[in-house]
Amino acid sequence: MDTTIRPIIAGADRLPYRRHELSFKRRLVALTQAPGASVARIAREHGVNANQVFSWRKLYREGRLGATDSDEVRLLPVDVAAPTMAASAKLVEPGLQGKPYSGRLRIECAHAHLIIEGSPDSQALRVVLEHLLR
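Pasting the structure below:
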């Protein structure tokens, strides 16, 4: 009688893990982010397990799936408003007895173009110039 105990290995015929390109992962994540998109349906159509796609979505949100939205150039919303009395009062030079200061400073360098009109705050101008001329 043989008393040798041998484990049964059921996964011997298992295929190696598939490796997917980052572009493929990002494309599937983008498809799942569309309004009304079904992650399970999109995963099935592309031959991938839905749990894997959910994992890629999590990595994408964390910024760990290659390029993210933060790598792209974004425009910030800007509201343009008419100058208020307080803002126009700042443009008066003390030595000019109430006449508005009409100075204009124009700075151009390799990567920036800056125009300052009026009387800028010296501290703010110093900070801007330090960052601009780096």
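Residue numbers (my numbering): 1 to 134.
Each residue gets a CB set at the ideal place from its N, CA and C atoms; glycine is no exception.
Could you spell out the range, first to last residue, of the alpha helix (DSSP H) harbouring residue i?
i	result
His131	122–132
Ala50	50–61
Leu28	22–32
Ile42	39–45
Quick check: what's the CA-CA separation for residue i versus residue j?
i	j	result
Lys25	Phe54	11 Å
Lys58	Glu21	17 Å
Arg64	Ala30	15 Å
Gln33	Asp79	29 Å
Arg61	Glu117	42 Å
Ile107	Leu114	5 Å
Ala82	Val127	26 Å
Arg147	Gln123	The chain is shown only over 1 to 134; residue 147 falls outside these bounds and no answer can be derived.
Leu15	Leu75	46 Å
Ser119	Pro77	26 Å
Ile5	Ala50	38 Å
Arg19	Glu45	17 Å
Val39	Gly66	20 Å
Val48	Asp121	59 Å
Assign residue i to one of two classes, buried (16 or more other C-beta atoms within 10 Å of its C-beta) or exposed (fewer than that).
i	result
Ala43	buried
Leu129	exposed
If I'm right that residue i touches residue j with Cβ under 8 Å, what's the distance once you round it to whole angstroms?
i	j	result
Ala112	Leu132	5 Å
Considering only C-alpha positions, which residue in the set the options is nearest to residue i?
i	options	result
Leu28	Pro77, Ser122, Ile5, Arg41	Arg41
Identify the continuous beta strand (DSSP E) that holds residue i and give its terminal residues.
i	result
Ile116	112–117
Can you confirm whether residue i, when its beta carbon is compared against all beta carbons of chain C, has any partner nearer than 8 Å?
i	result
Glu130	This model lacks chain C altogether; it includes just one protein chain.
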